[in-house]
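Scroll down for the structure; my scribbles are underneath it.
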């Protein structure tokens, strides 16, 4: 379910680096700035591993945050374990984003969404882009407000709802202000302003402030052998290189100047050929994510025409491929491996009434060993499945 595998970034050893709140920028008489997202005192950081050249995944995550707003990275990224935080700082004249991979993974688990980790990273990036780390004025509540507002703006552009943009600050924000950090309520208001400012400039299909998280309607009681639904795979729902599919084979269809946000189709923002973009098909389904050679490729999110999430996860050459989560209209969802846009491999199918199936899938159907559980955790049945039917 996670879009950010923080624990496997593959850093490159480049010697030891030491930083603390009292570190000094050799190019300034002022103490170096250190922003700690939670507001607690930033720990002393000792790292034996420093990114000295391109660190594939970590840098792609950061560039994904920056691309929708057209900015370039002006800092380096470093992982330091056991710091229990993520913060922006200046070390030896160089700007850094320092993060604890285990901490970022935990906040995703606690909030049950990867938007929390993305918003934290966006907040720290905001400090660097707005010059907070080099103005010689140290930590200030106003700087945190500005970084939070930047975070709200960015998350809107990445496809998060307003509620999803609040996830990290709800979990980590302090109820009371400190000399450097405002109280949670003020920070949430800053995020709201940033999100709504982006909404005014780039209207969403769902409308201002409307939560895009899918609802989970109740269904009737358990069905014999609990049949699972199949994700839609027919074009134009799935972006392929087929000119009749969601992503055109030639060039994106330009939006008409007088058209409303709800009626625009084609590439609405970003780079829908080789980069990060927002694309709306003629069926009004939206895709927000990475592209390669005009096809959806990398991490992305599909939305139904009404703005609810359809799929969140990995894509390859226009198809759902890799790990992802598919949200069905009836409230069910599948979390697991995909290929050719259908569940293939290990996965868990969650029924809207709380029951779940854990097992193997092939071409969208249960094939292989699996276990069906009641909502209360009791095992209901297990065995070998073939074409979605229990065989023993």
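In mature numbering (1 follows the signal peptide of the UniProt record, and there is no 0), the protein residues as written are -19 to -1, 1 to 373. Yeah, the Cβ is synthetic: ideal placement off N, Cα and C, and Gly gets one too.
Please state whether DSSP places residue i in a helix, a strand or coil.
i           : result
residue 73  : coil
residue 355 : coil
residue 232 : Confidence is the limiting factor: at residue 232 the pLDDT is only 35, short of 50, which leaves the residue's position unreliable, though a coordinate-based value still follows. If DSSP states are grouped into helix, strand and coil, residue 232 belongs with coil.
residue 182 : helix
residue 56  : coil
residue 86  : helix
residue 297 : strand
residue 115 : coil
residue 42  : helix
residue 324 : strand
residue 91  : helix
residue 262 : coil
residue 167 : helix
residue 146 : helix
residue 48  : helix
residue 289 : coil
Is the CB of residue i under 9 Å away from at least one CB in chain D?
i           : result
residue 142 : In the structure shown, chain D cannot be found, because there is only a single protein chain.
With residue i and residue j assumed to form a contact (beta carbons below 8 Å), what rounded beta-carbon distance in angstroms separates them?
i           : j           : result
residue 143 : residue 176 : 5 Å
residue 64  : residue 81  : 4 Å
residue 46  : residue 99  : 7 Å
residue 107 : residue 132 : 6 Å
residue 369 : residue 346 : 4 Å
residue 126 : residue 171 : 5 Å
Within the same chain, show all residues whose beta-carbon is closer than 7 Å to that of residue i, passing over the 5 residues directly before and after it, in chain order.
i           : result
residue 91  : 152
residue 75  : 57
residue 269 : 139, 140, 259, 281 and 282
residue 121 : 161
residue 179 : 134, 137 and 138
residue 328 : 315, 316, 317, 318 and 342
residue 250 : 49, 183, 258 and 259
residue 293 : 282, 305 and 306
Around the Cβ of residue i, are there at least 16 other Cβ atoms within 10 angstroms (buried) or fewer (exposed)?
i           : result
residue 340 : buried
residue 157 : exposed
residue 160 : exposed
residue 166 : exposed
residue 53  : exposed
residue 356 : exposed
residue 93  : exposed
residue 342 : buried
residue 348 : buried
If I follow the unbroken alpha helix (DSSP H) through residue i, where does it start and stop?
i           : result
residue 122 : 122 to 139
residue 107 : 96 to 110
residue 156 : First-last for residue 156: undefined, no H or E at that position.
Which residue marks the beginning of the beta strand (DSSP E) containing residue i, and which one marks its end?
i           : result
residue 333 : Taken as a continuous stretch (DSSP letters only), residue 333 belongs to no beta strand (DSSP E), as it is neither H nor E.
residue 270 : 267 to 273
residue 306 : 300 to 308
residue 249 : 247 to 251
residue 340 : 337 to 343
residue 361 : 360 to 367
Might you give, ordered along the chain, the residues of its own chain that have their beta carbon closer than 8 Å to the beta carbon of residue i, omitting 5 neighbours on each side?
i           : result
residue 387 : Residue 387 lies beyond the residue range present for the chain, which begins at -19 and ends at 373; the question has no answer from this structure.
Once the 5 residues before and after residue i are set aside, which same chain residues still bring their CB inside 6 Å of it?
i           : result
residue 326 : 318
residue 209 : 330
residue 101 : 18, 67 and 149
residue 174 : 130
residue 373 : 364 and 365
residue 168 : 129, 150 and 154
residue 285 : 291
residue 309 : 210
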